[in-house]
RNA sequence: AGCGGGCUGGUGGAACGGUUACCACGCGUGGCUCAUAACCACGAGAACCUGGUUCAACUCCAGGGCCCGCAACCA
């Protein structure tokens, strides 16, 4: 639940995916959810800054590039661009798209490292593990098959490798973190995730390794300050994007001052798989560096596709851009927002997308708009005052403050349905004169209000509706032509 | 092994210690003709198993079954 209602500023971020492959439908979900929040708060008059971007420095990116025989730089440029494009395709209203390979970020990470180091929270320690020369990765014993080999390279023995890495003194922040989460000073939504995080913290936090040997990373990533033989661990690096995007290490930069330094809410939107990094590592890192903390984290569930786990390496990746091309970006947005729990896992199915499209968008919203437009053809209906104010639509606002996108949409659809009933009982097509006029005023002003409420979810559709009902009302082609299948 | 989540009509979801168990899709019957074979009304159809707590359990507890996720780079 977003606190500080009536707030004047909001910083909102998505996580930055690593770009070893194409964007999938799960990325689209997070984009869309964060976008609704950003658009909603902007509409309320909140000064909102919305950040997204990509993690270019992951070792997996370098590995994937190598597999394709591409230069790593070229490879991440190409793939990062796909994520940025997906944002455009889905009408994601981000204010900035950051890439962790940018110099300003690298510089910020270096400064951050040094701040943490200065605070005495970085030390060197030997790390020993099982290393597969084929994958060039460390594995834990549980990940190996009965013969003690990794799945990719059966028959190849793993070597026990010891290397010296830098570690972050996370253990020092144990009780501080516990209090941070328990008190709600860092608000984690939903509760299940909060409890999970809390349980993880209480189990005893171990210091974690924040560097890899440059030999293993092949120099891809950000070098440890004053020790080029080590590359900064990708999570330590990636999380810092949330502030380098605002200008850090320049703490005087206007963006940083406005959106990070002050008391205004800072909201991270993320998936359940990375909650540990965001709710444990990140606050501790910031505290160590002496910087302000995020105030809220909204943690969404994961999507399966037709019942299967999304796997970047397996073949079941649904390309959200292709779906958007086929059905339109707004139907995809609607489906993701209306038919999934914001907090739990859900299953993406193209069949259900189509059913939803016909039932809710074609038969519901689209048909209703056509009905009203035809009934009111040639008329002009004077506007009836502002609509989005918080007094009027309490359930809608409450839903959005609680990240309940489906609920907010249900609120709108209930009202749409009431208009259909109204038309049926009033039979305006049989009326004329002032009796007709009264019906039309009601229908048109209500549809305008609903367009406003719809704007964060379906911005282009809302705009079309508003345009159609501005001035002399004219019929228009169907907003969502019915699908046959 | 460990940690976590789940099991509600055909499908996808919701709520709750006491409701005729809610919503949407789909399905059936009737109505309407402004509308995108759309819309409206009515209807049929459900709690994984076993035990316990309780005046009362879908809801709480215990055991079992099945499914799913995590485990040093997954949104």
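Numbering (this note's numbering), first residue to last: 11 to 495. In this text, a Cβ means the ideal position worked out from N, Cα and C, and glycines have one as well.
- At a Cβ-Cβ threshold of 9 Å, residue 59 and residue 268 count as neighbours.
- Considered as a whole, the region 187-254 harbours 201-212, 224-227, 244-249, 251-254 as its complete alpha helix (DSSP H) runs of no fewer than 4 residues, in chain order.
- Assigned with DSSP and collapsed to three states, residue 102 falls in coil, not helix or strand.
- When DSSP assignments are scanned along the region 446-491, the uninterrupted stretches of alpha helix (DSSP H) that are 4 or more residues long and fall wholly within it turn out to be 469-478.
- Within the DSSP secondary-structure output, residue 46 pairs in no beta bridge.
- Taking C-beta atoms under 8 Å as the contact rule, residue 247 and residue 232 qualify, at a distance of about 5 Å.
- Note that the region 68-82 does not touch the region 189-203; fewer than 3 beta-carbon pairs, one per stretch, sit closer than 8 Å.
- Three or more beta-carbon pairs separated by less than 8 Å are not found between the region 291-310 and the region 49-58, which leaves the two stretches without contact.
- Residue pairing from DSSP leaves residue 411 without any beta-bridge partner.
- Under the three-state reduction of DSSP output, residue 283 falls in the helix class.
- Residue burial is scored here from C-beta neighbours: residue 110 has at least 16 other C-beta atoms within 10 angstroms and is therefore classed as buried.
- The continuous beta strand (DSSP E) containing residue 59 extends over residues 57-64.
- The beta carbon of residue 87 lies closer than 8 Å to none in the same chain, with the five residues before and after it left out.
- Taking residue 469 as reference, the option from 31, 46, 39 with the minimal CA-CA separation is 46.
- Straight-line spacing of the CA atoms in residue 340 and residue 347 works out to 10 Å.
- The beta carbon of residue 121 lies closer than 6 Å to those of 259 in the same chain, with the five residues before and after it left out.
- Within the same chain, and ignoring the five residues on either side of residue 316 in sequence, the residues whose Cβ sits closer than 6 Å to its Cβ are 359.
- Taking all protein chains shown into account, residue 421 has 16 or more neighbouring C-beta atoms within 10 Å of its C-beta and is therefore buried.
- Residue 82 sits away from residue 187, with the two beta carbons spaced by 9 Å or more.
- In this structure, the alpha-carbon of residue 250 lies about 11 Å from that of residue 114.
- Rounded to whole angstroms, the gap between the alpha carbons of residue 461 and residue 382 is 13 Å.
- When DSSP reads this structure, residue 89 sits in no beta bridge, so it has no partner.
- DSSP places residue 357 in the uninterrupted beta strand (DSSP E) bounded by 356-358.
- Across the structure, residue 305 and residue 172 are spaced so that their CA atoms are roughly 39 Å apart.
- In this structure, the alpha-carbon of residue 413 lies about 16 Å from that of residue 465.
- Rounded to whole angstroms, the Cβ separation of residue 453 and residue 403 is 18 Å, and the two are not in contact under 8 Å.
- Here DSSP, grouped into helix, strand and coil, assigns residue 429 to helix.
- Of the candidates 43, 437, 123, 123 places its Cα closest to the Cα of residue 235.
- In this structure, the straight-line span from the alpha carbon of residue 228 to that of residue 418 is close to 48 Å.
- For residue 288, the CB contacts under 6 Å within the same chain, skipping 5 residues up- and downstream, are 278, 280, 307 in chain order.
- At a Cβ-Cβ threshold of 9 Å, residue 328 and residue 34 count as neighbours.
- Counting of Cβ neighbours within 10 angstroms places residue 486 among the exposed residues, the total staying below 16.
- Taking the Cβ atoms as the reference, residue 126 lies roughly 5 Å from residue 299, within the contact range of under 8 Å.
- In the structure shown, residue 137 falls within a strand segment according to DSSP collapsed to helix, strand and coil.
- In the DSSP assignment, residue 309 falls within the beta strand (DSSP E) that extends over 306-310.
- Note on geometry: alpha-carbon atoms of residue 96 and residue 437 lie some 44 Å from one another.
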